[in-house]
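J.: Here the protein sequences line up with chains H and U, keeping their order.
So the first sequence is numbered by our numbering: it starts at 927 and just counts up by one.
So the second sequence is numbered by our numbering: it starts at 35 and just counts up by one.
Cβ coordinates follow ideal geometry from the N, Cα and C atoms, glycine included.
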Amino acid sequence: MKLQWPRTLASRLSLIFLIGLILAQALSFGAQYYERYESAKDTMLGNLETDVSTSIAILNRLPAPERAGWLQQLERRNYGYLLNEGSPGTAMGDTPIAVTSIQDAIGKDYPLTVTDLPGPQKHFQVHLKLADGSPVTIDVRPAMVPLSPWLPIVLLGQLALMLACTWLAVRIAIRPLTRLALASETLDPNTHAVLLDETGPTEVAHAARAFNAMQARIAAYLKERMQLLAAISHDLQTPITRMKLRAEFMDDSTEKDKLWNDLGEMEHLVREGVAYARSIHGATEEARRTDLDSFLDSLVFDYQDMGKDVQLNGKTSAVIDTRPHALRRVLVNLTDNALKFAGAAELQVQTLAGGGLSIKVLDRGPGIAEDELAQVMEPFYRVESSRNRSTGGTGLGLAIAQQLALAIGGALTLSNREGGGLCADLRLPG
Amino acid sequence: MEHVDHILIVDDDREIRELVGNYLKKNGLRTTVVADGRQMRSFLETTPVDLIVLDIMMPGDDGLVLCRELRAGKHKATPVLMLTARNDETDRIIGLEMGADDYLVKPFAARELLARINAVLRRTRMLPPNLVVTESGRLLAFGRWRLDTSARHLLDEDGTMVALSGAEYRLLRVFLDHPQRVLNRDQLLNLTQGRDADLFDRSIDLLVSRLRQRLLDDAREPAYIKTVRSEGYVFSLPVEVLGASS
Chain H
927 MKLQWPRTLA SRLSLIFLIG LILAQALSFG AQYYERYESA KDTMLGNLET DVSTSIAILN
987 RLPAPERAGW LQQLERRNYG YLLNEGSPGT AMGDTPIAVT SIQDAIGKDY PLTVTDLPGP
1047 QKHFQVHLKL ADGSPVTIDV RPAMVPLSPW LPIVLLGQLA LMLACTWLAV RIAIRPLTRL
1107 ALASETLDPN THAVLLDETG PTEVAHAARA FNAMQARIAA YLKERMQLLA AISHDLQTPI
1167 TRMKLRAEFM DDSTEKDKLW NDLGEMEHLV REGVAYARSI HGATEEARRT DLDSFLDSLV
1227 FDYQDMGKDV QLNGKTSAVI DTRPHALRRV LVNLTDNALK FAGAAELQVQ TLAGGGLSIK
1287 VLDRGPGIAE DELAQVMEPF YRVESSRNRS TGGTGLGLAI AQQLALAIGG ALTLSNREGG
1347 GLCADLRLPG
Chain U
35 MEHVDHILIV DDDREIRELV GNYLKKNGLR TTVVADGRQM RSFLETTPVD LIVLDIMMPG
95 DDGLVLCREL RAGKHKATPV LMLTARNDET DRIIGLEMGA DDYLVKPFAA RELLARINAV
155 LRRTRMLPPN LVVTESGRLL AFGRWRLDTS ARHLLDEDGT MVALSGAEYR LLRVFLDHPQ
215 RVLNRDQLLN LTQGRDADLF DRSIDLLVSR LRQRLLDDAR EPAYIKTVRS EGYVFSLPVE
275 VLGASS
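(1) In this structure, how does DSSP classify I1246 of chain H when only helix, strand and coil are distinguished?
(2) Using a C-beta to C-beta distance shorter than 8 Å, which residues of chain H count as neighbours of V87 of chain U?
(3) For E1344 of chain H, count neighbouring Cβ atoms within 10 angstroms of its own Cβ and tell me buried if that reaches 16, exposed if not.
(4) Three Cβ pairs or more, each shorter than 8 Å: is that satisfied between the segment 1126-1134 of chain H and the segment 1143-1162 of chain H?
(5) Hey, would you say V216 of chain U sits closer than 7 Å to E265 of chain U, going by beta carbons?
(6) If the criterion is Cβ atoms closer than 7 Å, does the pair Q1241 of chain H and D1219 of chain H meet it?
(7) Could you work out which residue in U:V54, U:I41 and U:D39 is closest to R1168 of chain H when comparing CA atoms only?
(8) How many Å lie between S237 of chain U and E1298 of chain H at the Cα?
(9) Please classify Y1007 of chain H: does DSSP put it in a helix, a strand, or coil?
(10) Is there a C-beta anywhere in chain H that falls below 7 Å from the one on E274 of chain U?
(11) Which value, in whole angstroms, describes the spacing of the CA atoms of R962 of chain H and R1067 of chain H?
(12) Taking 7 Å as the threshold (C-beta atoms), are G1336 of chain H and L1354 of chain H in contact?
(13) Comparing alpha-carbon positions, which option in U:Q221, U:R105 and U:L148 lies nearest N56 of chain U?
(14) Determine whether the beta carbon atoms of D1351 of chain H and S1284 of chain H lie at a separation below 7 Å.
(15) What would DSSP say about M92 of chain U, mapped onto helix, strand or coil?
(16) Determine the DSSP secondary structure at Q930 of chain H, reduced to helix, strand or coil.
(17) Using a cut-off of 9 Å between C-beta atoms, extract the partners of K59 of chain U located in chain H.
(18) Is the CB of P1355 of chain H under 7 Å away from at least one CB in chain U?
(19) So, L138 of chain U versus L117 of chain U, is the Cβ gap smaller than 7 Å?
(20) Report yes or no: do three or more beta-carbon pairs, one from the segment 44-54 of chain U and one from the segment 1276-1290 of chain H, lie closer than 8 Å?
(21) For R246 of chain U, which of helix, strand or coil comes out of DSSP?
(22) Taking E1296 of chain H as the reference, which of H:V1256, H:Q1329, H:T1339 and H:N1263 has the closest Cα?
(23) Who pairs with A1306 of chain H in a beta bridge, going by DSSP?
(24) So is the beta-carbon of T1063 of chain H under 6 Å away from any non-hydrogen atom of the ligand SAH?
(25) 7 Å is my cut-off, CB to CB: does V1287 of chain H come that close to chain U?
(26) Are the C-beta atoms of D1183 of chain H and some chain B residue less than 7 Å apart?
(27) With contact counted as at least three CB pairs below 8 Å, one residue from each stretch, are the segment 85-105 of chain U and the segment 59-72 of chain U in contact?
(28) Tell me the DSSP secondary structure of T66 of chain U in three-state form.
(29) Leaving out five residues on either side along the sequence, give the residues of the same chain with a beta carbon under 7 Å from the beta carbon of T1125 of chain H.
(30) Look at the alpha carbon of I1334 of chain H and the alpha carbon of V275 of chain U, and state the distance between them as a whole number of angstroms.
(31) Check whether chain U comes within 7 Å of T1261 of chain H, counting only Cβ atoms and requiring the distance to be less than that.
(32) If we cut at 7 Å on Cβ distances, does I50 of chain U have a partner in chain H?
(33) Identify which residue in U:T194, U:W179 and U:S270 has its Cα closest to the Cα of V1245 of chain H.
(34) Please state if the CB of L63 of chain U and the CB of I41 of chain U are separated by a distance shorter than 7 Å.
(35) Which of helix, strand or coil does DSSP assign to Y258 of chain U?
(36) Cβ of V1245 of chain H less than 7 Å from any chain U Cβ?
What follows is the structure, encoded as structure tokens:
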């Protein structure tokens, strides 16, 4: 089975930290335990040597009847003395270190035999005969000094501490990253820049400063672009004005009409260019409570008063918070588009079931090929059929509508209608 | 001798002001062209004019400053038509807010300018407004409504914006500029035909009924715009100019 590497950075870091810390902890505990065992064993065996030789010497010197009385005092934690042959056992397979120590201590004075007593715990006996021929058995039950009962609690405590530290460290490491991601996600150079806090650890502060600087740079580029477009368009307006005025002094002719149309197109392009730049840069208009029915009514009446075939269907009685100029511009661009391609437009407004509003601009024109539906909202994109000059706009109308729809918190989608024609659906938050 | 309207054109672009001057002259108006505010002032010292065409973007004192100055001085009754190169709803409005009677966005056609000049002259001659809307007092209050004359929409008691179509706004302005005064249909039509004179052909009665709906006025017992049988309409409530507020 292949282990799945966790998805989040937090869990990966936690895993690495935890495994590392636990291994290191286990290693150091093991080393200490071994060291303790070794030193304890050395001490114990040293004691054993002197103790056993002293005890046997005492027993040897004591008169036989008094020996039993001393046994109590010679008894130690791991071994004791018996004044008999001991229990029968098997011969020792391997020689424990304790036996070697006893051998070293008294082996040269007394011949020793060692027997092993099988059982769950290690237990062996060393048999010897004192100088008077009476038997003595050293009964040995080797065991380490048991671990203190508080040790596991301390170990558990350490584990908890490691967990806590890991959590804290990972959190400290991850939080600025999360904040940065969030800030990047919500980054909108059009609105007032939301600066990251530039305090904290050096790296975090550095990243925050870099992010803030980047934000400022993007805003500066956008502003520069807007200014460039505005400057070009403004400087073009004066010569276009002159040309239009001059054209009016010309005698009526087809040449004059053509010139007039060209000037009109230039003028339109210049205006749309500025409008597009503004739609991206400008969120300058303030939102205000707007009565939607009267807003749409007035828009449609303005078209009707100019003799255009624009109808409104539906009523919402909604009062929405929106930027009226931006909303108007979106709807005007969509309606102008419908009028251009179909000669008539219908606005449909309704409240949606899940809250929110839908304003549709419908026409019965040629529609847009399915594969071009997304592209037509790109700036300067024109559908094939509008490339010829007679209907061709600037290719900015829908791009502006799209930008402004986003700016007022809405969404604009285009689709082809059943039975032909285009449906532009503007969804607004309720 | 027949009166020939004298138009003063103030524009820093020599070609534009001369082309405009020549066009208007060709169409029977008397014209004088000057390049900036200084020349405008010295000309107005000696010669009164019927209308001033003022470019907004000019070096030195721009059109807005000059318009404000005109409105504050002895020429406050002279109609002003602004020429603006800016293409932005809010910028357009500023000109009107500063007291201009109309505006035209560059690039414009000379015949459109001529039509606007004639409309403004006709309007101001027929019925000079009773109330003067200024920069600081751009809200007109009446009944439960306020009309924002720079953004051109109504505000109800809660401050909710109620939009008006261009024709509705112009008609309401005519009523508010001449409150409690009977206006006949011809006067209303003439005064309302401001900007798109050739395009606008709604009957005044239809417009009045639309405006009543917008004001939530009951057509049978109207509180705002009353019908005066065989004469026309009257705006029956007092109107007050409020200081600027959002």
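T.: Quick answer:
(1) strand
(2) Result: empty, since nearest Cβ-Cβ is about 13 Å, beyond 8 Å.
(3) exposed
(4) no
(5) yes
(6) A small correction: the amino acid at residue 1241 of chain H is Lys; Gln does not occupy that position in the sequence shown. Result yes, Cβ atoms of K1241 of chain H and D1219 of chain H sit closer than 7 Å.
(7) U:V54
(8) 44 Å
(9) strand
(10) no
(11) 19 Å
(12) yes
(13) U:L148
(14) yes
(15) coil
(16) coil
(17) Those within 9 Å of K59 of chain U in chain H number zero; the least Cβ separation is about 12 Å.
(18) no
(19) yes
(20) no
(21) helix
(22) H:T1339
(23) Looking at the sequence shown, residue 1306 of chain H is not Ala but Phe. Answer is none; F1306 of chain H lacks a bridge partner.
(24) Summarising the ligand content, the structure contains no ligands, and the ligand SAH is consequently not present.
(25) no
(26) Among the protein chains in the structure shown, which are H and U, there is no chain B.
(27) yes
(28) strand
(29) A1131
(30) 32 Å
(31) no
(32) yes
(33) U:T194
(34) yes
(35) coil
(36) yes
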